[in-house]
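A.B. asks:
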DNA sequence: AACCAGGACGTGA
DNA sequence: TCACGTCATGGT
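Written out as structure tokens, the structure is:
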């Protein structure tokens, strides 16, 4: 099956516009957007990415940063067991800025429990996607973010922005669900972790700029890249 | 004052 | 399967 090179061209254009983003931002690495693409080599960093991925569900990253700093001060990013053992009230207060604090506290505890078990047996090996999806509170985007950014698995992350941009550009002939969109990207791009990481980061940045106020995409500099027939 | 934010889950049709 | 309500704080 032949590749649709528009997927690569749109990436090239965004990279040209914005430069590399270097996701995932880690506070434990001395600052955000460190521009370092190496897969985390410490399990604490993998854990922090999972926590951040859960906290950022339908929430701006700025609010998540505050929550992460608070959790870090409670020693909960370095020690999943501390998070697991803590009273919900403590955690909920720490993560309040990220919204949905009751649900997210429960999600974090479930994830911490899973992480400790998984890490005990196979420290650096990635969990399976279905394993993550079976956890309450981890859906497809969160699971794929963890796989891609924490473990370097070449899997494409789809989010609400992705649908908004690519629908507007006319890249989808019909309404597509999560898995269908993911297939489309992965069938039309080389299977490379760094490419997938940058692509998703650039989509988020680009969407914040041109797709967060209606009418979405009206000023989008990419809007002429796709020929409508 | 409404709308949006790097979603996921529960429910009823 | 899918459309819709719920979860909750903080920005603009």
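Residue numbers (this note's numbering): 44 to 272.
For every residue, glycine included, the Cβ atom is placed at its ideal position computed from N, Cα and C.
Bear in mind the structure is a predicted one, so any value in this text is a computation, not a measurement.
#1: Would you check if there are 3 or more beta carbon pairs closer than 8 angstroms linking the segment 168-178 to the segment 205-224?
#2: Please go through the same chain and pick out, in chain order, the residues whose beta-carbon is closer than 6 angstroms to the beta-carbon of residue 186, but skip the five residues on each side of it.
#3: Cutting at 8 angstroms between CB atoms, please list the residues of its own chain near residue 127, excluding the five before and the five after it.
#4: Kindly list the residues whose CB is nearer than 6 angstroms to the CB of residue 134, restricted to its own chain and excluding five residues on each side of it in sequence; keep chain order.
#5: In terms of alpha-carbon separation, which member of 46, 47 and 63 lies closest to residue 241?
#6: Less than 7 angstroms between the C-beta atoms of residue 102 and residue 141, yes or no?
#7: Apply the 10 Å Cβ neighbour rule to residue 267 and answer buried if 16 or more other Cβ atoms are within range, or exposed otherwise.
#8: Between the C-alpha atoms of residue 203 and residue 65, what's the straight-line distance to the nearest angstrom?
#9: Within the continuous alpha helix (DSSP H) that includes residue 187, where are the two ends?
#10: Tell me where the alpha helix (DSSP H) around residue 55 begins and ends.
#11: To the nearest angstrom, how far is the alpha carbon of residue 150 from that of residue 104?
#12: Determine contact between the segment 177-197 and the segment 82-94, defined as no fewer than three beta-carbon pairs at a distance below 8 angstroms.
#13: Between 71, 86 and 61, which lies nearest to residue 164 when the distance is taken from Cα to Cα?
#14: Using only the alpha-carbon positions, how far apart do residue 118 and residue 98 sit?
C.D. replies: Based on what the coordinates show:
#1: no
#2: 172, 175 and 176
#3: 152, 155, 156 and 159
#4: 148
#5: 63
#6: In this structure, residue 141 lies closer than 7 angstroms to residue 102 by Cβ.
#7: So residue 267 ends up on the exposed side.
#8: 20 angstroms
#9: 183-188
#10: 49-61
#11: Each residue's Cα considered, the two are about 18 angstroms apart.
#12: yes
#13: 86
#14: 17 angstroms
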